[in-house]
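Quick notes on the structure that follows.
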Amino acid sequence: MTQQPVLLVVAHGSRDARHAATVHTLVERVRSLRPGLRVETGFLDFNVPSVQSVLESLAAEGVRDVVALPLLLTRAFHAKADIPAVLREAPRGLRVRQADVLGPSPLLLSALERRLYEAGLTPADKSSTGVVLASAGSTDPEAIAVIAAIAREWRHTGWCAVRPAFASASLPRTEDAVRELRELGCERVAVAPYVIAPGFLPDRIARGAARADVLAEVLGPAPEVARLLLERYDGAARGFGLDRPVPAGALGALLRRTA
Numbered sequence: 011m012t013q014q015p016v017l018l019v020v021a022h023g024s025r026d027a028r029h030a031a032t033v034h035t036l037v038e039r040v041r042s043l044r045p046g047l048r049v050e051t052g053f054l055d056f057n058v059p060s061v062q063s064v065l066e067s068l069a070a071e072g073v074r075d076v077v078a079l080p081l082l083l084t085r086a087f088h089a090k091a092d093i094p095a096v097l098r099e100a101p102r103g104l105r106v107r108q109a110d111v112l113g114p115s116p117l118l119l120s121a122l123e124r125r126l127y128e129a130g131l132t133p134a135d136k137s138s139t140g141v142v143l144a145s146a147g148s149t150d151p152e153a154i155a156v157i158a159a160i161a162r163e164w165r166h167t168g169w170c171a172v173r174p175a176f177a178s179a180s181l182p183r184t185e186d187a188v189r190e191l192r193e194l195g196c197e198r199v200a201v202a203p204y205v206i207a208p209g210f211l212p213d214r215i216a217r218g219a220a221r222a223d224v225l226a227e228v229l230g231p232a233p234e235v236a237r238l239l240l241e242r243y244d245g246a247a248r249g250f251g252l253d254r255p256v257p258a259g260a261l262g263a264l265l266r267r268t269a
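Numbering of the sequence shown is given in this note's numbering, commencing with residue 11 and proceeding in unit increments.
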């Protein structure tokens, strides 16, 4: 039987200890959804193990195939340059495929709404609530355009209005988007951080949400995010000729038990 490729989750890393802790919690949830799949974690900076050291350890064990999955929500510099550069340095004999970034995806919109409801909103509040889709920000025009498109799509699901905001590199800032939604006449304003884990920029988003009525938590180990990681893994694993890493029915049963 063909061995499944190892899933290597590639996280950015942070000096903030909450970042790595959140990443590890998310990875544990992925393992619980797909028993038998080997899932490792590597960091680009600040935290250990590094991506390179994980790849070297896997090669030393005789692993042949690896799916490297960027724990990123948009295709910006890290996905286009940093990660490919690291993966090109993988040991000989190790086949590594880079999976797609996580966003955009309907599962992420579901995770965002989950976090807003956990913060106190209800589905009945949607039509009277304006939402700030607050991302970390990027200098990459493609990434900025994707965030704007997600905000437009999300607005059509019933919210009073949805506005994108950025913690760095781009405008508007979270506080500006909150003010705009107030002026637009939304009864309440909620801020939904479009980030995976806590850290410097998510803290800036939180400060910008000071005048909002609701601030949701980061996406973190939301069930939808864990499911999305496996969806991206399966897409990349097919490149190794493995059309069905696990039986579809078995995966569905696992998702129902852990969702």
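In this text, a Cβ means the ideal position worked out from N, Cα and C, and glycines have one as well.
* Specify the secondary structure class of PRO174 as computed by DSSP and reduced to three states. => Reduced to three states, the DSSP call for PRO174 is strand.
### Task
Ignore the nearest five residues each way along the sequence and tell me which others in LEU229's own chain have a CB closer than 6 Å to its CB.
Within its own chain, the residues whose Cβ lies closer than 6 Å to the Cβ of LEU229, once the five positions on either side in sequence are excluded, are ALA121, ILE206, VAL235, listed in chain order.
Margin query: Just to check my reading of the structure: LEU238 and LEU143 have Cβ atoms closer than 8 Å, yes? What is that Cβ distance to the nearest angstrom?
Written below: Contact between LEU238 and LEU143 does not hold, since the beta-carbon distance rounds to 17 Å and is not under 8 Å.
* Taking Cβ to Cβ, would you say ALA187 is nearer than 7 Å to VAL172? -> For ALA187 and VAL172, no; Cβs fall outside 7 Å.
Worksheet item: Would you say the beta carbon of ASP223 comes nearer than 6 Å to a heavy atom of the ligand PLP?
Response: The ligand PLP is not among the ligands present in this structure, which contains no ligands whatsoever.
Please state whether DSSP places PHE250 in a helix, a strand or coil. In the structure shown, PHE250 sits in a helix (DSSP, three-state: H, G or I).
Straight-line gap, VAL61 to GLU197 (C-alpha atoms, nearest Å): Approximately 46 Å between the Cα atoms of the pair.
| query | DSSP state of GLN62, grouped into three classes? | reply | Correct three-state label for GLN62: helix.
(Q) Against chain B, with Cβ distances strictly below 7 Å, would ALA158 count as a contact? (A) No chain B is present in this structure, which holds just one protein chain.
**Prompt:** How many whole angstroms separate the CB atoms of ALA175 and ARG165, which I take to be in contact at a CB cut-off of 8 Å?
**Reply:** That pair is no contact at about 14 Å.
(message) Quick check on the DSSP output: the alpha helix (DSSP H) that includes LEU83 runs from which residue to which?
(response) DSSP places LEU83 in no alpha helix (DSSP H); its state is neither H nor E.
Taking just the CA atoms, how far does LEU104 sit from ALA179? For ALA179 and LEU104, the gap between their C-alpha atoms comes out near 36 Å.
I need the DSSP call for PHE87, collapsed to helix, strand or coil. Looking at PHE87 - three-state DSSP - the assignment turns out to be helix.
Just how far apart, CA to CA, sit LEU194 and THR139? Distance between the alpha carbons of LEU194 and THR139 is about 11 Å.
### Query
Between LEU18 and VAL111, which are expected to be in contact by the criterion C-beta below 8 Å, what is the C-beta distance as a whole number of angstroms?
The Cβ separation is near 14 Å, so there is no contact.
* Asked: Which term fits ASP253, buried or exposed, when burial requires 16 or more other beta carbons within 10 angstroms of its beta carbon?
  -> For ASP253, the predicted model reports a pLDDT of 43, less than 50, meaning its position is unreliable; a value from the coordinates is still stated below. ASP253 is exposed by the Cβ-count criterion.
### Message
Along the chain, where does the alpha helix (DSSP H) containing PHE53 start, and where does it finish?
### Response
Annotation for PHE53: no alpha helix (DSSP H) segment contains it, though the beta strand (DSSP E) segment containing it runs 49 to 53.
Using 8 Å as the cut-off, can you tell me whether the segment 207 to 226 makes contact with the segment 21 to 41, which would need three or more C-beta pairs spanning the two stretches below that distance?
Counting Cβ pairs under 8 Å, three or more are found: they touch.
Practice problem: Could you have a look at PRO45 and say whether DSSP puts it in helix, strand or coil? | Solution: Reduced to three states, the DSSP call for PRO45 is coil.
**Q.** Inter-residue CB distance, ALA177 and VAL201 (contact presumed, cutoff 8 Å)
**A.** Going by Cβ atoms, the distance from ALA177 to VAL201 rounds to 11 Å, so no, they are not a contact pair.
Exercise for the section: Give me the Cβ distance between VAL20 and LEU54, rounded to the nearest whole Å; I'm assuming they're in contact under 8 Å. Expected result: About 7 Å; that satisfies the 8 Å criterion.
Worksheet entry | Same chain, Cβ closer than 6 Å to ASN57, five either side skipped, listed in chain order | Closer than 6 Å at the Cβ level, and outside the excluded window around ASN57, lie GLY23, ALA30.
For PRO208, three-class secondary structure by DSSP: Three-state DSSP puts PRO208 in coil, outside helix and strand.
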